[in-house]
Amino acid sequence: MSPTTLSAGPEHGHVTFLGAGPGDPGLLTLRAVEALASADVLVAEHEVLDVVRQHARQGVSEVHTDSDPSQDPAPGTGTPQLTVVDGTSTTAAVPAVRDAAHLVMEAARGGRRVVRAVSGDPGLDTYAAEEMLACAAAGVPFEVVPGIASAVGVPAYAGVPLRDAQGADVRFVDARTASDRCWTEVGASDGTVVVSTTLDSVAAAAGELVSAGRKPDTPMTVTVAGTTTRQRTWTATLGTIAQTLKQAKVLPSPDGGRPVIAVVGERSAAAQRDQLSWFESKPMFGWKVLVPRTREQAASLSDQLRSYGAVPHEVPTIAVEPPRTPQQMERAVKGLVTGRYEWIAFTSVNAVKAVREKFEEYGLDARAFAGIKVAAVGEQTAKALIAFGVKPDLVPSGEQSAAGLLEDWPPYDPVFDPIDRVFLPRADIATETLVAGLIELGWEVDDVTAYRTVRASPPPAETREAIKGGGFDAVLFTSSSTVRNLVGIAGKPHNVTVIACIGPATAKTAEEHGLRVDVMAPEPSVHKLAEALADFGAKRRAAAVEAGDAVTRPSERRPGARRRRSTT
């Protein structure tokens, strides 16, 4: 959509003023997600665009800031600078900067549904209030979807309660617009004060409160990038906050204009935060974790890592492609229908996907498995089969691997088994362990290449440099091929990076490539691997706290620091 087509008709559409919350995408309300899914035009400031766009429908047109969000609005406009962007194209922006209220109403014309997303809550946003008034004056219908205000959400994530059993008074102050009278009133109060300010103005705000009557030893917490994995909180007093930030090498800095939330008051003391800091104390808080898997397989693992506070970075190292000659797979699938096989064994999710796609090509569905016994190598493969409508007859009771599958596989019995053949759809690079074991048990095996695994294209140069230069805190290896392929396309991870492997074979391959393995999963499951890494991070954090040291990420270690191998 271009600027000229925003006003395609005289009809008024509808505008939803939506609070995007303080930064964590998980804090969007259900109503906000519904509104985004049905929006024709999305209007948002730069800092909330990534939070809301993931819930917008494909092809939605976007209108967002195209400037540094830390800078002041355009002189004389009193509103943010908004740039019209065609969400369906790859062009960066259409060079047309307009008044925000004008753009919102213009976008709504022609019956369009517009979502106007703001940080925090719309009721606390000056610009949103002005735009609502403009809509009302022009007869454009609108609704308001509240969001979690930063002044409330950020302290909650920082472990700083604003009220206690005594019900202390809570005052909210925007230091960027506060008058002398406002500072005098909050200074005379002994309640909790929540100050919205910027990183380079925290000390000045503390000085205003002291000048207004607050004691210099009043506890103060300052949180930057609240509710995100970049969150960081400092605890000090009104009199010492400037020195605390200086010692932490926070000020002066190019990021000094970043917004922060400061909480001042006796009931926000450091002792409470030590016990209530649930977010920043997650086992891998802020860790940048490399997930070298196929793109389709990385999603659930990345979600699990986020729950531990990590920031997953997915880098495909393996691409899955069809076999070079499809005839062998076609014959095997036809053999399933004609009763050639007693068993079919799936050793990966990709094998399930390959067979399912071939079924769909022939117009078949899960009913074609009737009368055939189905085996799955592990829980993830079993879940993929169940999603296909097939409940596996055999899943290893012990180790989830080819060896574990063989432990439970029954030997061929000519009395009870009318057919002695097994269909084994696998990757072209699969090992021979399962085939040899089945033959030893008396079965005939059709070992069929269902898909090929090839090395993916190299990641961007920035990612390659981060891998080799220690920019990642950890890397998860889920197979020997991920080790070989990552090193081949991006280079060897830096010595400070924690190496986590799914099993002994993968760990051996990592060591052969000169990597020291820190974490190994207790069983060959990607989710158990993530749990093991989280446990490693928790123990590492606990050790630092017990020793009185600062809690740092692995990438923040001094060069040359030795790493001890985990016994996990």
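In terms of the working numbering, the sequence shown opens at residue 86 and continues consecutively. All C-beta atoms, glycine included, are put in the ideal place defined by N, C-alpha and C. Computed from a predicted structure; not experimentally measured.
Determine the closest residue to His99 out of Ala606, Ser146, Val200, Ala185, with distance taken between C-alpha atoms. The shortest Cα separation from His99 among Ala606, Ser146, Val200, Ala185 belongs to Val200.
Can the beta-carbon of Thr594 be found closer than 9 Å to that of Val568? A contact, by the Cβ cut-off of 9 Å.
Can you give the beta carbon distance from Leu687 to Val459, rounded, assuming they're within the 8 Å contact cut? Shown here, the chain extends from 86 to 653; a query on residue 687 therefore has no answer.
On the DSSP bridge list, what partners appear for Phe473? Under the DSSP definition of a beta bridge, Phe473 lacks any partner.
Going by DSSP, which residues form a beta bridge with Val345? In DSSP, Val345 forms a bridge with Thr282, Val309.
Inter-residue Cα distance where the pair is Ala615 and Leu561: Between Ala615 and Leu561, the C-alpha separation is close to 8 Å.
Given that a residue counts as buried once 16 or more other Cβ atoms are within 10 Å of its Cβ, and exposed if not, what is Val345? By the neighbour-count rule (16 or more Cβ atoms within 10 Å), Val345 is buried.
Could you tell me whether the region 429-436 touches the region 497-509, using the rule of 3 or more Cβ pairs below 8 Å? Under the Cβ criterion (8 Å, minimum of three pairs), the region 429-436 counts as touching the region 497-509.
Quick check: the Cα distance between Leu421 and Gly456, rounded to an integer number of angstroms? Between Leu421 and Gly456, the C-alpha separation is close to 10 Å.
Distance check for Glu550 and Lys438, CA to CA, integer angstroms please. Between Lys438 and Glu550, the C-alpha separation is close to 34 Å.
Within the continuous alpha helix (DSSP H) that includes Gly489, where are the two ends? Counting along the chain, the unbroken alpha helix (DSSP H) around Gly489 starts and ends at 487-493.
Can you tell which of Gly371, Met217, Ile403 has its C-alpha closest to the C-alpha of Ser392? Of the candidates Gly371, Met217, Ile403, the one whose C-alpha sits nearest the C-alpha of Ser392 is Gly371.
According to DSSP, is Trp528 part of a helix, a strand, or is it coil? Here Trp528 sits in coil by DSSP.
Out of Gly208, Gln485, Ile524, Ala487, which one is the CA nearest neighbour of Thr101? Scanning Gly208, Gln485, Ile524, Ala487 for the CA closest to the CA of Thr101 turns up Gly208.
Using the three-state DSSP reduction, which class does Arg452 fall into: helix, strand or coil? Helix.
Between the CA atoms of Ser387 and Ser281 - distance to the nearest angstrom: Between the alpha carbons of Ser281 and Ser387 lies a gap of roughly 32 Å.
When you compare the CB positions of Val230 and Gly104, do they come within less than 9 Å of one another, or not? Cβ atoms of Val230 and Gly104: closer than 9 Å.
Just the Cα atoms here: how many angstroms apart are Ala623 and Ala202? One alpha carbon belongs to Ala623, the other to Ala202, and they sit about 36 Å apart.
Rounded to a whole number of angstroms, what is the C-alpha to C-alpha distance between Ala718 and Thr563? Residue coverage of the chain in this structure runs from 86 to 653, which leaves residue 718 outside it and unanswerable.
Per-residue burial, Asp302 [other beta carbons within 10 Å of its own, 16 or more giving buried]: Classification for Asp302: exposed.
Distance between Ser274 and Val349 (C-alpha atoms, nearest Å): The straight-line gap from Cα to Cα measures roughly 11 Å.
Whole-angstrom distance between Arg317 and Glu442, CA atom to CA atom: About 47 Å.
Can you give the Cα-Cα distance for His187 and Ala219, rounded to whole angstroms? In a straight line, the C-alpha of His187 is about 8 Å away from that of Ala219.
Over what stretch of residues does the beta strand (DSSP E) that includes Trp372 continue unbroken? Where Trp372 is concerned, there is no enclosing beta strand (DSSP E), because DSSP gives it neither an H nor an E.
Within the continuous beta strand (DSSP E) that includes Leu127, where are the two ends? 126-129 is the extent of the beta strand (DSSP E) around Leu127.
Going by the beta-carbon positions, is the gap between Pro477 and Ala461 smaller than 9 Å? Cβ atoms of Pro477 and Ala461: closer than 9 Å.
Is Gly145 buried or exposed, if buried means 16 or more other CB atoms sit within 10 Å of its CB? For the sequence presented, residue 145 should be read as Val rather than Gly. With 16 or more other CB atoms across the displayed protein chains lying within 10 angstroms of its CB, Val145 is buried.
Are the region 355-369 and the region 525-539 in contact at 8 Å, needing three or more beta carbon pairs? Result no; under three Cβ-Cβ pairs closer than 8 Å.
When the distance is taken between beta carbons, is Pro110 closer than 9 Å to Gln139? Yes; because the gap between Cβ atoms is below 9 Å, this pair is in contact.
Decide if Tyr536 is buried, meaning its Cβ has at least 16 other Cβ atoms within 10 Å, or exposed. Its Cβ being crowded by 16 or more others within 10 Å, Tyr536 is buried.
Which first and last residues belong to the alpha helix (DSSP H) in which Glu191 is found? Unbroken alpha helix (DSSP H) run through Glu191: 185-193.
With which residues is Tyr536 paired in a DSSP beta bridge? The bridge partners DSSP lists for Tyr536 are Ala512.
Residues in its own chain within less than 6 Å of Gly522 by CB, not counting five upstream and five downstream? So the qualifying residues of the chain are Leu491.
Count the other C-beta atoms from every protein chain shown that fall within 10 angstroms of the C-beta of Glu293, then say buried if there are 16 or more, exposed otherwise. The C-beta of Glu293 has 16 or more other C-beta atoms within 10 Å across all chains shown, which makes the residue buried.
Is it buried or exposed, Glu216, if we count other Cβ atoms within 10 angstroms and call 16 or more buried? Buried.
Which complete beta strand (DSSP E) runs does the region 402-443 hold, if anything under 3 residues is left out? Fully contained in the region 402-443 are the following beta strand (DSSP E) runs of length 3 or more, in chain order: 403-406, 428-431.
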